[in-house]
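J.: Residue numbering for the sequence shown follows this note's numbering, beginning at 24 and increasing consecutively.
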Amino acid sequence: MVPLWKAARRRPCRSSPVSLCIPKFPLRKASEKEVVTLVLNPDRLRCDQPWGDSPHRPGSDAFFLRGSQGRLFAHLYRAGGAGVHPTVLLLHGFPGNERNFDLAQDLRRVGFHVLTFHYAGSWGSEGVFSFAQVLEDSECAVDFLESREAQERHGIDGNRLFVVGHSMGGFAALHTAAKRKSLSAAVAMAPYDFGQMGLLARREAGARSDLECLLADGAPWLNGAEPERLGAELDSCGESYCLIGLAELLAKKPLLIVGAGGDDCARPPIHCRPLVEALEALKAPVEYKEMPTDHVFSDMRLSLSECVAAWLADRAQAGSRT
């Protein structure tokens, strides 16, 4: 048998209505009427659940998405069980050293499929990195999840799609949720408001220094990501990138925003609370939690997983009843 990663590399990309490259692996198909039952149990997050030789055991698939600049490396964690599964798009930050794979595994144990991928110009994906491209590529991943072929091949429940992101991924998750009606709910973990920082950098030396340091630290990991060019993008697009500007579009969608009280990168008073307050003023279904930890939740990973998994499971179960 050819390993999945080799099959993904050898198989040519072919165009489709949403410009996707979906590998023709011999995966099971699922009836649209089959719905997996989620039962959130703390033990399920932390204990192995052997499936033996069950044809519906958990698995994973590596493949490419077709972005506007070329191939985007993607990985789907498939939950165990027959039928279609609620599915989470998990978005990483800038440049993506922390990719939250522990959260992906935890969500899979609860019963979610989880799709991760790398934006153009990051971690081997083709193309040149930019923040605009991050937003475009995130929508490309949603196109994949919405496609009938992907849903049938991978057992994706198209009526229960969710987006979760950390740092820049939280920024992208909120922008994507604001645009795509198919996303039932969104979670932003320590979201970094690039728009707000771009505006602050115009008038405050401290904010400008913080942003310049962030871009200088992250750019070497990414193809074509010169700090000066990224800074110019944020300076010119600050207003359109601001998270608070999404409030009205997000107001009818369940949201969970998780800040980190010890975060010296995406400080909650700048990056979280303004959007939360704007949403609360609109009486939106937003929940805000703040954990006493750093930007990557280093010493609260289990608490983070349990918080996000419980919240998503509640949303998914509500969706299965409507």
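Idealized CB from N, CA, C, for every residue including glycine.
Model, not experiment: these values are computed from the prediction.
Residues bridged to Arg-94 by DSSP?
T.: Numbered from 1 along the sequence shown, position 71 holds the residue referred to as residue 94. DSSP lists Arg-89 as partners of Arg-94.
J.: Could you check the C-alpha separation between Pro-73 and Arg-80 for me, to the nearest Å?
T.: Reading the sequence shown from its first residue, position 50 is the one you call residue 73. Reading the sequence shown from its first residue, position 57 is the one you call residue 80. Using only the alpha carbons, I get a separation of about 8 Å.
J.: Excluding the 5 residues preceding and the 5 following Ala-239 in the sequence, name in chain order all residues of the same chain whose CB lies nearer than 8 Å to its CB.
T.: Working through the sequence shown from its first residue, we reach residue 239 at position 216. Around Ala-239: Pro-250.
J.: Work out the CA separation of Gly-82 and Lys-56 for me, nearest whole Å.
T.: Along the sequence shown, read from residue 1 onward, the residue named residue 56 stands at position 33. Along the sequence shown, read from residue 1 onward, the residue named residue 82 stands at position 59. Low confidence applies to Lys-56: its pLDDT is 43, below 50, so where it sits in the model is not reliable, and the reading given next is rough at best. If I take the Cα positions, the gap works out to 22 Å.
J.: Leaving aside the five residues before and after Arg-225 along the sequence, list all residues of the same chain whose C-beta is less than 7 Å from its C-beta, in chain order.
T.: In the sequence shown, residue 225 corresponds to position 202, counting from 1. Closer than 7 Å at the Cβ level, and outside the excluded window around Arg-225, lie Asp-258.
J.: Give me the Cα-Cα distance between Pro-78 and Gly-261, rounded to the nearest whole angstrom.
T.: Residue mapping note: residue 78 aligns to position 55 of the sequence shown, counting from 1. Residue mapping note: residue 261 aligns to position 238 of the sequence shown, counting from 1. Taking the straight line from one Cα to the other gives about 49 Å.
J.: Starting from the N-terminal side, write out each stretch of the alpha helix (DSSP H) that is 4 residues or longer and does not extend beyond the segment 270-308.
T.: The qualifying runs are 270-273, 291-294 and 296-304.
J.: Check whether chain D comes within 7 Å of Ala-270, counting only Cβ atoms and requiring the distance to be less than that.
T.: Annotation note: the requested chain D is absent from the structure, which comprises a single protein chain.
J.: Can at least three beta-carbon pairs, one atom from the segment 144-162 and one from the segment 104-111, be found at a separation below 8 Å?
T.: Cβ pair count under 8 Å is below three, so no.
J.: Which residues bound the beta strand (DSSP E) around Phe-135?
T.: Counting from 1 along the sequence shown, the entry for residue 135 is found at position 112. Note, Phe-135: premise wrong, no beta strand (DSSP E); not H, not E.
J.: Is the beta carbon of Ala-208 less than 7 Å from the beta carbon of Ala-196?
T.: Taking the first residue of the sequence shown as 1, we reach residue 208 at position 185. Taking the first residue of the sequence shown as 1, we reach residue 196 at position 173. Not closer than 7 Å, so no.
J.: Between which two residues does the beta strand (DSSP E) containing Asp-180 stretch?
T.: Locating residue 180 in the sequence shown gives position 157, where the first residue counts as 1. Unbroken beta strand (DSSP E) run through Asp-180: 179-189.
J.: Three Cβ pairs or more, each shorter than 8 Å: is that satisfied between the segment 139-152 and the segment 174-189?
T.: The segment 139-152 vs the segment 174-189: no contact.
J.: Using the beta-carbon count (16 or more within 10 Å), is Pro-243 buried or exposed?
T.: Taking the first residue of the sequence shown as 1, we reach residue 243 at position 220. The residue in question, Pro-243, is exposed, as its Cβ has fewer than 16 Cβ neighbours within 10 Å.
J.: Where does Glu-13 sit, in a helix, a strand or coil, going by DSSP?
T.: Limits of the chain in this structure are 24 at one end and 345 at the other, which puts residue 13 out of reach.
J.: If contacts are defined as beta-carbon pairs under 8 Å, then Ile-280 and Ala-333 qualify, I think. What distance do you get, rounded to the angstrom?
T.: Position 257 of the sequence shown holds residue 280. Position 310 of the sequence shown holds residue 333. That pair is no contact at about 15 Å.
J.: Which residue marks the beginning of the alpha helix (DSSP H) containing Pro-250, and which one marks its end?
T.: For the purposes of this step, residue 250 is taken as residue 227 along the sequence shown, with counting starting at 1. Its alpha helix (DSSP H) spans residues 250-264.
J.: For Lys-312, which of helix, strand or coil comes out of DSSP?
T.: Taking the sequence shown and counting its residues from 1, one reaches residue 312 at position 289. Note: Lys-312 maps to strand in three-state DSSP.
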